[in-house]
Amino acid sequence: MKELQHLNKYFLKYKYQLILGVIITAIARVFLLFTPRLVREIFTVVENWNNGIITDKSVFKAELLENILLIVGASIVAGVLTFLMRQTIINVSRYVEYDLKNEVYQQYQKLSLNFYKKNRTGDLMNRITEDVSRVRMYAGPAIMYSINTITLFVIALIYMFNQAPKLTLYTILPLPILSVAIYKLSKEIHKRSTIVQEYLSKLSSSTQETFSGISIIKAYGLELQTSANFNQLSEESRQKQLDLVRIRSFFFPMMILLIGISNLMVIYIGGKQYIDGEIESLGTIAEFIIYVNMLTWPVATVGWVTSIVQQAEASQKRINEFLKKKPEISNTVTEPTTIKGDITFKNVYFTYDDTNIQALNDVSFTLNKGKTLAIIGKTGSGKSTILDLIGRLYDIDKGEILIDGKPIKSINLTSLRNAIGYVPQDAFLFSDTIKNNITFGKEDASDEDVITAAKQAQVHKNIVKFNKGYDTVLGERGITLSGGQKQRVSIARAIVKDPKILLFDDSLSAVDTETEEKILHHLNTVSKDKTTIIVSHRVSSVKNADHIIVLDNGKIIQDGNHNSLINKVGYYKELYEKQLSEAY
């Protein structure tokens with residue numbers, strides 16, 4: 001139960017609804033327990049009639065009718081109150097589910113990129129869906145049935161002891177055996193529930209990856225192999241589920257057996273007591289049989305509730321693992337920061353934790369507001385890393401990054417990222433309309449702003465050819481569009497935001513040279529008074545930059561402008577001549 005203590009704050013939040021639910025439950029059980037007593041009264045009336053104590057037939061009928069109507073009335077009231085009980089307590093579980101999902105989602109938003117590199121998407125999804133749903137069962141049905149069972153037991157046992165203490169003791173004799181059995185089985189259920197949840201995460205991850213990479217799977221003709229791998233994982237998951245089901249299947253037969261034994265004991269012991277004159281009326285035996293059968297379902301739910309609690313604890317433990325993680329990148333500045341756009345790197349070193357690859361080695365440069373810096377170099381030279389560090393997606397190992405002359409950690413993180421328009425190397429688009437994808441960074445952008453940005457990104461003509469134009473809904477990850485179109489929509493998204501800093505990470509790699517020239521021409525206008533960094537493999541993309549740096553293995557090996565670099569022996573000149581010859 002230690003892991004489930006995390007939910008206490010939500011129970012406190014909704015304490016009044018829970019207290020009301022408990023009160024309604026208690027009242028409902030009181031009315032429900034009128035029935036056995038009234039049945040006893042009916043038996044007494046019949047015995048009095050048979051024994052001649054009641055001689056007036058009309059009185060006999062009146063008393064029978066009165067008790068029957070009271071049973072019906074009590075049952076109706078108990079039914080209405082039970083409905084209100086479910087509405088009150090189950091609603092609380094939905095509120096808890098809503099709050100917990102939001103808490104998990106907010107935590108996911110805070111965690112750094114390293115976290116997502118180390119965890120699979122399917123597992124993340126499973127924790128916020130399947131695991132939270134299991135926890136909801138604890139916050140709702142488990143609590144409701146626990147309160148119901150406890151209330152019913154307490155009230156029923158009081159009534160039973162008042163009527164026949166000795167018979168009551170024999171009736172509840174099997175319950176300690178049930179408690180020990182539940183304790184033993186619960187430990188095993190907890191263990192197996194944890195394993196089942198882990199396999200559900202594996203299944204979710206495998207499915208998500210398969211659907212995301214379906215084009216690659218089809219291109220390589222690996223459908224059968226992928227199916228075989230999934231079937232194997234499904235079979236393993238099925239076996240783990242069956243292991244859990246087998247252990248849980250002991251509950252209900254065992255409880256039904258124990259309840260049956262209680263009924264037999266009521267009939268046998270009660271019958272002997274009636275014969276010996278210890279019990280005055282057969283109605284008492286009937287009353288006890290009804291009590292035992294009324295307790296059958298609550299006792300049966302003990303096993304079910306125990307199973308729910310064990311599964312919820314296993315799920316909450318998995319949720320807590322992520323909730324307890326501290327974001328590597330934290331926003332320590334509460335006040336908003338005004339960003340102008342000056343960027344300085346001073347002897348920056350950076351190594352990726354997950355691969356231990358040193359991406360940057362003593363990198364230094366200064367970029368003033370309104371200027372354009374181009375970064376060129378081989379794959380894996382550290383170009384994209386510089387852009388990630390400017391957006392503070394990672395923190396550096398050594399050195400200093402200054403924004404407007406201030407250390408980057410002293411800048412409000414939200415203000416910094418709001419001031420950046422970032423076009424990643426792998427253009428990611430959401431399964432939404434083209435318009436909403438463009439306005440993703442600026443939801444209040446007007447239609448005119450969207451069209452202007454699309455024209456500047458040279459994608460407007462492509463968009464208007466779609467049947468629904470800007471209202472066209474894209475497939476997952478923008479699969480409806482070509483690679484070049486996705487890049488250009490991503491560029492339009494950055495432009496419409498009108499940021500202080502523009503970062504382009506090889507964002508023209510999928511467009512032809514003519515389109516590239518048009519986009520770069522518009523970007524010269526767009527980037528006026530903005531700090532711009534362009535990462536590329538093409539000299540044509542970087543030649544107009546105010547300053548160019550060449551990276552190799554995380555180090556700056558050349559820097560200058562286009563004219564100075566093509567006149568120096570080195571990587572830039574070789575690349576320029578190679579690309580120039582390829583153009584012809």
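For the sequence shown, the positions run 1 to 584 when full-length UniProt numbering is used. Where is the CB? At the ideal position from N, CA and C, for every residue including glycine.
Practice problem: Work out the CA separation of Phe115 and Pro141 for me, nearest whole Å. | Solution: 34 Å
Practice task
Leaving out five residues on either side along the sequence, give the residues of the same chain with a beta carbon under 8 Å from the beta carbon of Thr210.
Solution key: Ile217, Thr226 and Phe230
- Query: Any idea what DSSP makes of Leu167, helix, strand or coil?
  - Reply: helix
Own chain, CB closer than 6 Å to Lys555, minus 5 neighbours either side, in chain order = Asn361
Should Leu169 go down as buried or exposed, given a rule of 16 or more other Cβ atoms within 10 Å for buried? exposed
| message | According to DSSP, Gln558 sits in a beta bridge with which residue or residues? | response | Val550
Using the Cβ count rule (16 or more neighbours within 10 Å means buried), how would you classify Ile158? exposed
For Thr88 versus Gly21, is the C-beta distance shorter than 7 Å? yes
Query - Stretch pair the region 334-348 + the region 508-523: three plus CB contacts closer than 8 Å - result: no
Threshold first: 4 residues or longer. Then list the alpha helix (DSSP H) segments lying entirely within the region 112-141, N to C. 113-118, 121-126 and 132-137
Rounding to the nearest angstrom, what Cα-Cα distance links Asp123 and Asp342 in this structure? 40 Å
Using a Cβ-Cβ cut-off of 8 Å (strictly less than) and excluding sequence neighbours within five positions of Gly560, which residues of its own chain qualify? His547, Ile548 and Lys568
With a CB to CB cut of under 7 Å and the five nearest residues on each side skipped, what residues in its chain are close to Ala286? Val39, Arg40 and Phe43
Under the three-state reduction of DSSP, which class applies to Lys371: helix, strand or coil? coil
Exercise for review: Could you tell me whether the region 399-417 touches the region 447-454, where touching means 3 or more Cβ pairs closer than 8 Å?
Suggested key: no
Note to self: Just to confirm before moving on: does the CB-CB distance between Ala78 and Phe31 stay below 7 Å?
What the structure shows: yes
Practice prompt. Determine the DSSP secondary structure at residue 589, reduced to helix, strand or coil.
Written response: A query on residue 589 cannot be resolved here, the shown segment of the chain reaching from 1 to 584 and no further.
(Q) Checking the sheet assignment: what are the DSSP bridge partners for Tyr422? (A) Leu503
Item checked: Element boundaries [alpha helix (DSSP H), containing Glu235] -> Glu223 to Arg248
**Message:** Rounded to the nearest angstrom, what separates Met254 and Tyr199 at their Cα positions?
**Reply:** 29 Å
Which listed residue (Ile438, Val459, Asp444 and Ile408) has its alpha carbon closest to that of Val333: Ile408
Whole angstroms is fine: what's the gap from Val135's alpha carbon to Ile155's? 29 Å
Original post:
DSSP on Gln458, reduced to helix/strand/coil?
Top reply: coil
- request: Work out the CA separation of Arg29 and Lys191 for me, nearest whole Å.
  value: 35 Å
query = What residues match up with Tyr349 in a beta bridge as DSSP calls it?
reply = Lys398
#### Entry: Boundaries (first-last residue) of the alpha helix (DSSP H) holding Val539
Val539 to Val542
Q) When you compare only the Cα positions, how much space is there between Phe322 and Asp432? A) 29 Å
Legend entry - Alpha-carbon to alpha-carbon, Ile434 and Val473: 6 Å
If we count Cβ pairs, one from each stretch, closer than 8 Å, do we get three or more for the region 488-500 versus the region 414-421? yes
Checklist entry - So which of Ser249, Leu244 and Ser204 has the shortest CA-CA distance to Leu233? => result Ser204
Do Ala427 and residue 628 have their beta-carbon atoms positioned less than 7 Å apart in this structure? Since the first residue of the chain shown is 1 and the last is 584, residue 628 is not available in this structure.
- When the distance is taken between beta carbons, is Val496 closer than 7 Å to Asp449? yes
Tyr584 versus Val542: straight-line alpha-carbon distance, rounded = Because Tyr584 sits at a pLDDT of 49, beneath the cut-off of 50, its placement in the model cannot be relied upon, and the point is left open.
Just the C-alpha distance for Ser536 and Ser507, rounded to the nearest angstrom, thanks.
8 Å
Cα-Cα separation between Asp512 and Thr532, rounded to whole angstroms: 22 Å
**Prompt:** What does a CB cutoff of less than 6 Å around Pro424 pick up in its chain, not counting 5 residues either side in sequence?
**Reply:** Asp505
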